[in-house]
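Peer 1: For the sequence shown, the UniProt record's numbering begins at 1 and goes up steadily by one.
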Amino acid sequence: MNNKTSKLIKISLLSAIALILMYFDFPVIPIFPWLKIDLSDVPALLGAFGFGPIVGILIELIKNLLYFFIKGSSIAGVIANFIVGSALVLPAGFIYHRNKSKKNAIVGMVVGLLIMEVAGILANVYILLPLYGMQMSPEELAKYVTVGLLPFNGVKATMVNVLTYFLYKRVSVSIFKGEPNFGSVTDKKTV
1 MNNKTSKLIK ISLLSAIALI LMYFDFPVIP IFPWLKIDLS DVPALLGAFG
51 FGPIVGILIE LIKNLLYFFI KGSSIAGVIA NFIVGSALVL PAGFIYHRNK
101 SKKNAIVGMV VGLLIMEVAG ILANVYILLP LYGMQMSPEE LAKYVTVGLL
151 PFNGVKATMV NVLTYFLYKR VSVSIFKGEP NFGSVTDKKT V
């Protein structure tokens with residue numbers, strides 16, 4: 001099998017896993033029950049680390065399009081999920097690919113978390129709330145951002161980052177056919 005076909009199959013597999021993970025969501029903040037965490041960004045982040053940030057974005061896009069067409073979900077939620085997931089995956093994949101190391105993987109994931117926080121607020125305030133017809137006073141919006149969105153996106157990004165950190169080393173050799181650069185013998189520490 002040639003490299004392009006192999007890569008396409010792996011991207012398809014990661015997209016399918018991401019789609020399946022989207023169905024397993026759960027609320028974390030009782031006063032905002034529509035904010036539900038799923039771990040579907042893990043395969044996208046694995047893809048971004050293994051193949052580059054553009055592949056991570058592609059996995060996010062495929063996952064969200066499939067979810068929209070299969071489940072018939074709201075387009076607003078799918079767009080927001082794509083924006084927020086891409087905000088995590090793109091910087092993390094970009095930073096890691098500039099110099100593949102454990103340190104850059106961690107820095108990339110932290111930067112991705114911070115960008116995801118900002119993108120999550122902007123996507124909710126300017127896309128989701130208006131599309132769902134939810135009107136909030138400035139006080140309600142401030143509470144929604146500080147008590148809902150910031151902790152929600154922080155918890156989600158942290159969970160995705162930690163899972164990716166521990167999974168990447170274990171799957172990189174078999175899936176991406178390369179020696180993992182973080183947590184390997186050359187780092188003198190194991191994960």
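A virtual CB, placed ideally from N, CA and C, is assigned to each residue, including glycine.
(1) Below 8 angstroms CB to CB, which residues in the same chain sit around residue 148 once its five sequence neighbours on both sides are set aside?
(2) Where DSSP assigns a beta bridge to residue 36, which residues make up the other side?
(3) Is the beta carbon of residue 123 sitting closer than 7 angstroms to the one on residue 83?
(4) Is residue 161 helix, strand or coil when you go by DSSP?
(5) Does the beta-carbon of residue 50 have 16 or more other beta-carbons within 10 angstroms, so that it is buried, or is it exposed?
(6) Helix, strand or coil for residue 19, going by three-state DSSP, please let me know.
(7) DSSP state of residue 188, grouped into three classes?
(8) Mapping DSSP to helix, strand and coil, what is residue 169?
(9) Please report the straight-line C-alpha distance between residue 71 and residue 105, rounded to a whole angstrom.
(10) What did DSSP end up calling residue 144 once you bin it into helix, strand or coil?
(11) How many whole angstroms separate the CB atoms of residue 145 and residue 121, which I take to be in contact at a CB cut-off of 8 angstroms?
(12) As a quick exercise: from 67, 108, 119, 57, pick the residue whose alpha carbon is nearest that of residue 80.
(13) By Cβ distance below 7 angstroms, which residues in the same chain neighbour residue 96 in space, the five residues on each side in sequence not counted?
(14) I'd like to know whether the C-beta atoms of residue 116 and residue 153 end up nearer to each other than 7 angstroms.
(15) Tell me the rounded alpha-carbon separation between residue 38 and residue 2.
(16) According to DSSP, simplified to helix, strand and coil, what is residue 134?
(17) Which residues in the same chain have their Cβ closer than 7 angstroms to the Cβ of residue 91, if we skip the five residues on either side of it in sequence?
(18) Between residue 75 and residue 54, what straight-line distance do the alpha-carbon atoms span, to the nearest angstrom?
(19) Would you kindly check if the distance between the Cβ of residue 57 and the Cβ of residue 86 is under 7 angstroms?
(20) Would residue 40 and residue 66 qualify as a contact pair, given that the criterion is a beta-carbon distance under 7 angstroms?
Peer 2: So, from the listed chains and residues:
(1) So the list reads 29, 31, 32, 35, once near-sequence residues are dropped.
(2) Beta-bridge annotation (DSSP): residue 36 is paired with 27.
(3) In contact: residue 123 and residue 83 (Cβ atoms closer than 7 angstroms).
(4) For residue 161, the secondary structure class from DSSP, reduced to helix, strand or coil, is helix.
(5) With at least 16 other beta carbons inside 10 angstroms of its own, residue 50 counts as buried.
(6) Here residue 19 sits in helix by DSSP.
(7) With a pLDDT of only 47 at residue 188, under 50, the local geometry of the prediction cannot be trusted, and the value read off the model is given with reservation. Looking at residue 188 - three-state DSSP - the assignment turns out to be coil, as it is neither helix nor strand.
(8) In the three-state scheme derived from DSSP, where H, G and I count as helix and E and B as strand, residue 169 is classed as helix.
(9) Cα-Cα distance, rounded: 33 angstroms.
(10) In the structure shown, residue 144 sits in a helix (DSSP, three-state: H, G or I).
(11) The beta-carbon separation of residue 145 and residue 121, rounded to 6 angstroms, stays under the 8 angstroms limit for a contact.
(12) Measuring from the Cα of residue 80, the nearest candidate turns out to be 119.
(13) Closer than 7 angstroms at the Cβ level, and outside the excluded window around residue 96, lie 49, 104, 105, 108.
(14) A distance below 7 angstroms separates the beta carbons of residue 116 and residue 153.
(15) Rounded to whole angstroms, residue 38 to residue 2 spans 34 angstroms at the Cα level.
(16) Residue 134 falls in the coil class under three-state DSSP.
(17) Excluding sequence neighbours, residue 91 sits near 108, 111, 112, 115.
(18) The alpha-carbon atoms of residue 75 and residue 54 are separated by roughly 22 angstroms.
(19) In this structure, residue 57 lies closer than 7 angstroms to residue 86 by Cβ.
(20) Between residue 40 and residue 66, the C-beta spacing is not below 7 angstroms.
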